[in-house]
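Scroll down for the structure; my scribbles are underneath it.
2 protein chains.
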Amino acid sequence: MTNESTTHHAHALVASQLAAVEEALLNLPDIQPPALRKAVETIVASGGKRQRPIMTLLVAGMFGNLNERKVIDVAAAVEMLHTATLVHDDLIDGSLVRRGTATLNAAWTPAATVLTGDYLFAFAAGLASRANNVQVMTIFADTLGVVVAGELRQAFTDWERRSTREDYAKRIYAKTASMFVLAVTEGGVISGASEQHIEALRQFGTFYGNAFQIMDDVLDFTGDQATVGKPVGSDLRHGLITLPTIVFLEQNGKNSMMNCALKGECTNLEYDAIVDMIRKSDAISISINEAAIQTHRARRALEIFPDSPYRAALLELTDLAVSRKL
Amino acid sequence: MTNESTTHHAHALVASQLAAVEEALLNLPDIQPPALRKAVETIVASGGKRQRPIMTLLVAGMFGNLNERKVIDVAAAVEMLHTATLVHDDLIDGSLVRRGTATLNAAWTPAATVLTGDYLFAFAAGLASRANNVQVMTIFADTLGVVVAGELRQAFTDWERRSTREDYAKRIYAKTASMFVLAVTEGGVISGASEQHIEALRQFGTFYGNAFQIMDDVLDFTGDQATVGKPVGSDLRHGLITLPTIVFLEQNGKNSMMNCALKGECTNLEYDAIVDMIRKSDAISISINEAAIQTHRARRALEIFPDSPYRAALLELTDLAVSRKL
Chain R
10 MTNESTTHHA HALVASQLAA VEEALLNLPD IQPPALRKAV ETIVASGGKR QRPIMTLLVA
70 GMFGNLNERK VIDVAAAVEM LHTATLVHDD LIDGSLVRRG TATLNAAWTP AATVLTGDYL
130 FAFAAGLASR ANNVQVMTIF ADTLGVVVAG ELRQAFTDWE RRSTREDYAK RIYAKTASMF
190 VLAVTEGGVI SGASEQHIEA LRQFGTFYGN AFQIMDDVLD FTGDQATVGK PVGSDLRHGL
250 ITLPTIVFLE QNGKNSMMNC ALKGECTNLE YDAIVDMIRK SDAISISINE AAIQTHRARR
310 ALEIFPDSPY RAALLELTDL AVSRKL
Chain Y
10 MTNESTTHHA HALVASQLAA VEEALLNLPD IQPPALRKAV ETIVASGGKR QRPIMTLLVA
70 GMFGNLNERK VIDVAAAVEM LHTATLVHDD LIDGSLVRRG TATLNAAWTP AATVLTGDYL
130 FAFAAGLASR ANNVQVMTIF ADTLGVVVAG ELRQAFTDWE RRSTREDYAK RIYAKTASMF
190 VLAVTEGGVI SGASEQHIEA LRQFGTFYGN AFQIMDDVLD FTGDQATVGK PVGSDLRHGL
250 ITLPTIVFLE QNGKNSMMNC ALKGECTNLE YDAIVDMIRK SDAISISINE AAIQTHRARR
310 ALEIFPDSPY RAALLELTDL AVSRKL
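Taken in order, these protein sequences are the chains called R and Y. The numbering of the first sequence is my numbering, which starts it at 10 and goes up by one. The numbering of the second sequence is my numbering, which starts it at 10 and goes up by one.
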């Protein structure tokens, strides 16, 4: 089965519910001026592959609970929380483009961008509250705390610590896996899953999220610039130390060239050379292997659930994480 | 009774609970680096008069529900939400000092300030979720939406519209009264109040919040610079059109001098002259009268509740709103 048809499979299973999620996402409350509303609508509408709400829906599907309105609201809340964090991230990073669309930050003042992110947080919380379930809200608040604390830690961690696997593991949990955990556990909670089932979902989300982010970090080195849409080794060029670099250091030790990269002080030519070295090294296959291990763990976590098309689709998503090209 | 003893009265009634609120506020989860944690602790600790949590506690007191842990958590959540919005506000306004303390914005990067505000939002939501009550969370999310939508509207409203009473009423509701409504209705909800009682609290919060903000805006003109801690007419000098200016315009019409003030384009000398004109005009007493009307309405809203020291303290707070000097 190709990647293309795998995504189609998961999508097809929850197509009508996903359409309802899209509608909920664009049913934005009062926002002024009209031009800002339009910009926010564009950002929300251009929201990637909707992986997180698809996960929520597939989990609800496993519990035979796909057609409750609450499930739609929670899936939309998860995606909206993700979107809100991206709006603030783009401001923090000074990013001008995301998913091929101009960021708010590119066209509006910092004040408007901060407020718009806050507004989307409020909207996300409002969507979650519609589910009328305290546990949904608690997980929601906790996840926001984890994501933001992770970003704060990342902003202030010295470069020595950033190049450790321990720091990397914390970082990718806070940045990616925590939101995957949110997506799947909320799907379980809203379906009245047992504590044992919620724990299995938590593990699935953690391992799948880790695998997904590791592959993202590998693709930053190996991807084709035209496909990925940014220069090869873009993370390292921005001072972001990810698994391939950490593994490369483990294998080769620090040299003067790596030192400048770790401190974010290389020239462009130096970066070109280092990125090329890492790209051609074993660090890539070792990193992909780590993603495969995480994927395997994610798949194991789902064994507790009976076989169903929804479980099969979740398993296929994990395959896709490792085989994807962007 | 003097203002001083009035505040003491309200404080004394809920002193031990307020101490527990302070403790909950400073029990900040994981935040790095230590220097940022210290800065956040200073901001949280220097948090003014704690009016909002005092209101929540007094309302819980009216319902004989003051000694539940949930009440403390909800009161702390209300104050923390308020603090989070202030952190982002200071970034948006570029303010360097608040309540005599350096703002985060003054000492940290915009990125750190945005993230810290987000972190405090997450903490506020976490505190609220401890109450294990869906309605508490729903009101919380709705209020954040109102506050942020109001700030966005304010940021993008043209000066023509800003000088209307209608726009001013919306603005002070979003900025101040909505948080007062949050504080008192959450105190009711967590105490199992009836829908009729919640509605009375909503009215009380609205009218009291309006009165409080109108007096704040009056004091910006009439206050002594040394007491208020900022130049007289500071709002107008920053392009913020408040009730005294709106009333002055109603009474005197627009002239060329007012035109430059409404557009935020006057010279300092022109501002001095305009602020002096408004200060000495009937606009001040008319505005104070409007605050008194709102206070009267707030007091009426509480008539539905039986007499108690807690109700008496809430009534005294409304007196204080109009008689206060800063």
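All C-beta atoms, glycine included, are put in the ideal place defined by N, C-alpha and C.
Among residues of its own chain, excluding the 5 on either side of residue i, which ones have a beta-carbon nearer than 6 Å to its beta-carbon?
i	result
Thr251 (chain R)	Asp226 and Asp244
His97 (chain Y)	Gly126
Ala115 (chain Y)	Leu105
Val68 (chain R)	Val193, Gly196 and Gly197
Ala209 (chain Y)	Ala310 and Ile313
Ala301 (chain Y)	Val331
Ser317 (chain Y)	Met71
Glu274 (chain Y)	none
Thr11 (chain Y)	For Thr11 (chain Y), the predicted structure reports a pLDDT of 41, less than 50, and the residue's modelled location is therefore unreliable. The matter cannot be settled from this model.
Arg170 (chain R)	Asp176
Gly218 (chain R)	Thr185, Ala186 and Phe189
Arg121 (chain R)	Note on identity: in this sequence residue 121 (chain R) is Ala, with Arg being the wrong assignment. Excluding sequence neighbours, Ala121 (chain R) sits near nothing in its chain.
Output yes if chain R places a C-beta closer than 8 Å to the C-beta of residue i; else output no.
i	result
Arg4 (chain Y)	With chain Y covering only 10 through 335, there is no way to say anything about residue 4 (chain Y).
Ala85 (chain Y)	no
Asp151 (chain Y)	yes
Met188 (chain Y)	no
Thr51 (chain Y)	no
Gly154 (chain Y)	yes
Leu45 (chain Y)	yes
Phe221 (chain Y)	no
His18 (chain Y)	no
Ala134 (chain Y)	yes
Leu35 (chain Y)	no
Thr142 (chain Y)	Note on residue identity: the sequence assigns Asn, not Thr, to residue 142 (chain Y). Closer than 8 Å: yes.
Tyr319 (chain Y)	no
Ile40 (chain Y)	yes
Tyr128 (chain Y)	yes
Thr11 (chain Y)	Interpretation of Thr11 (chain Y) is limited by its pLDDT of 41, a score under 50 that renders its predicted location unreliable; the figure taken from the coordinates is listed afterwards. Chain R, which has no Cβ nearer than 8 Å to the Cβ of Thr11 (chain Y), makes this no.
Gln26 (chain Y)	no
Ala131 (chain Y)	yes
Using only alpha-carbon positions, find the residue among the options that is nearest to residue i.
i	options	result
Thr118 (chain Y)	Y:Ala93, Y:Leu45 and Y:Phe165	Y:Leu45
Ala84 (chain Y)	Y:Val155, Y:Ser172, Y:Ala134 and Y:Asp127	Y:Ala134
Met64 (chain Y)	Y:Ala24, Y:Leu35, Y:Arg139 and Y:Lys47	Y:Ala24
Gly56 (chain Y)	Y:Leu124, Y:Glu31, Y:Tyr128 and Y:Pro318	Y:Glu31
Thr110 (chain Y)	Y:Val49, Y:Arg59, Y:Gln60 and Y:Gly70	Y:Val49
Thr327 (chain Y)	Y:His305, Y:Leu113 and Y:Ser317	Y:His305
Met71 (chain Y)	Y:Arg333, Y:Leu329 and Y:Arg320	Y:Arg320
Gln303 (chain R)	R:Val256, R:Gln163, R:Met266 and R:Phe221	R:Phe221
Ile293 (chain R)	R:Asp316, R:Phe230 and R:Glu169	R:Phe230
Asp39 (chain Y)	R:Leu22, R:Gly159, R:Lys58 and R:Glu77	R:Gly159
Thr215 (chain R)	R:Asn264, R:Met188, R:Gly103 and R:Gln234	R:Met188
Pro315 (chain Y)	Y:His20, Y:Gly73 and Y:Ala54	Y:Gly73
Asn141 (chain Y)	R:Met146, R:Thr166 and R:Arg333	R:Met146
Arg59 (chain Y)	Y:His20, Y:Arg78, Y:Ser138 and Y:Arg288	Y:His20
Among the residues of its own chain, which have a CB less than 7 Å from the CB of residue i, if the five just before and after it don't count?
i	result
His5 (chain Y)	Because chain Y spans 10 through 335 in this model, residue 5 (chain Y) falls outside it and cannot be assessed.
Ala29 (chain R)	Ile81
Ile207 (chain Y)	Thr194, Gly197 and Val198
Glu299 (chain Y)	Ile223 and Leu252
Thr112 (chain R)	Asp99, Ser104, Leu105 and Val106
Ile287 (chain Y)	Phe230, Pro253, Thr254 and Phe257
Any C-beta of chain Y sitting closer than 8 Å to the C-beta of residue i?
i	result
Ile250 (chain R)	no
Ala192 (chain R)	no
Val80 (chain R)	no
Pro62 (chain R)	no
Ala158 (chain R)	yes
Ile255 (chain R)	no
Val227 (chain R)	no
Ala116 (chain R)	no
Give a yes or no on whether the C-beta atoms belonging to residue i and residue j are separated by under 8 Å.
i	j	result
Val155 (chain R)	Ala183 (chain R)	yes
Asp285 (chain R)	Gln260 (chain R)	no
Val123 (chain Y)	Leu35 (chain R)	no
Gln41 (chain R)	Leu66 (chain R)	no
Leu136 (chain R)	Ala54 (chain R)	no
Phe149 (chain Y)	Ala86 (chain Y)	yes
Phe132 (chain Y)	Leu37 (chain Y)	yes
Sorted by chain position, which residues of the same chain lie with C-beta nearer than 8 Å to residue i's C-beta, five sequence neighbours on each side aside?
i	result
Ala7 (chain R)	Residue 7 (chain R) lies beyond the residue range present for chain R, which begins at 10 and ends at 335; the question has no answer from this structure.
Ala164 (chain R)	Ile101
In chain B, what lies closer than 7 Å to residue i by C-beta?
i	result
Ala120 (chain Y)	Protein chains R and Y are contained in the structure displayed, whereas chain B is not.
Can we say the stretch 304-312 of chain Y touches the stretch 190-199 of chain Y, given the rule of at least three CB pairs closer than 8 Å? Short answer: they don't touch.
Closer than 8 Å is the cut-off here; do at least three beta carbon pairs connect the stretch 85-95 of chain R with the stretch 147-161 of chain R? Output reads yes: the stretch 147-161 of chain R touches the stretch 85-95 of chain R.
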